Amino acid sequence: NKTARPYFVHAQNVAEFAYNIAKNYDIAKIFTPSEMYTIGLLNSFGILILKTASDEQKEYVEDLLEGYDDLADKVRGVFYSGIEAPYLGMVYTKKEGFPDAVDSVIGFWNDMDEVKNKELLPAHKIIYLAESLQSFNEGNLEFYQLDKEILSTFNITSEGQFKGLLNMLTKA
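Numbered according to this note's numbering, the sequence shown spans residues 26 to 197.
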């Protein structure tokens, strides 16, 4: 499917970046680098559903929302803006029985204030950095838009360092 291809490439790159970041920075003690790879793939699941959804799949989303009233409005908002895509991914992983820790990283990688279990913050930061690197690489994000506090976790203080990491990871 030509529509889905860019989103699969995005997911694969985020997953590979997350794996290598976890492997080299060793800050996500709760997840192994391989588990961070899987979370990186699942992280893009929500946007993939949104951008390629058939009517049948949209109905499936409504089925997923049953029993998750606290997230339903946010997920429905996805179909109008796409900004809330992480919540759709989180609802999917919840429904499929993934551990709460995985649900949290997928749902709140871009909103650290919502993270209830602070031990998960390093994993959230890895996914944030991996997603940011890929979005920057695609031209969808500028360096000035990034959270400098999160970047400092990885000793990134300049755009040159950020681009250097991106260059290193794309060659890995």
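Glycine residues also receive a C-beta, built at the ideal position from the N, C-alpha and C atoms. Just so you know, these numbers come straight off a predicted model, no measurement behind them.
> Where does the unbroken alpha helix (DSSP H) through I55 begin, and where does it stop?
Replying inline: To locate residue 55, count along the sequence shown from 1; it is residue 30. It is not in any alpha helix (DSSP H) - I55 carries neither H nor E in the DSSP assignment.
> Using the C-alpha atoms, what's the distance from P147 back to K54?
Replying inline: The residue given as residue 54 occupies position 29 in the sequence shown. The residue given as residue 147 occupies position 122 in the sequence shown. K54 and P147: Cα-Cα distance of roughly 8 Å.
> Can the beta-carbon of I70 be found closer than 8 Å to that of Y112?
Replying inline: The residue you call residue 70 lines up with position 45 of the sequence shown. The residue you call residue 112 lines up with position 87 of the sequence shown. Checking the displayed sequence, the identity of residue 70 turns out to be Phe instead of Ile. Cβ distance not < 8 Å, so F70 and Y112 don't count as in contact.
>> In this structure, how does DSSP classify F70 when only helix, strand and coil are distinguished?
In response: Here residue 70 refers to the residue found at position 45 when the sequence shown is read from its first residue. F70 falls in the helix class under three-state DSSP.
> Hey, quick one: how far does the alpha helix (DSSP H) through L190 stretch, first residue to last?
Replying inline: Reading the sequence shown from its first residue, position 165 is the one you call residue 190. Where L190 is concerned, the enclosing alpha helix (DSSP H) stretches over E184 to K196.
> Is the beta carbon of I181 less than 8 Å from the beta carbon of L194?
Replying inline: Start at 1 with the first residue of the sequence shown, and residue 181 comes out as number 156. Start at 1 with the first residue of the sequence shown, and residue 194 comes out as number 169. No, these two residues do not count as a Cβ contact at 8 Å.
>> With a threshold of 7 Å on Cβ separation, who are the neighbours of A155 within its own chain once the five nearest residues in sequence on each side are excluded?
In response: The sequence position of residue 155 within the sequence shown is 130, counting from 1. The answer, listed in chain order, is V39, F42, A43, I46 and G65.
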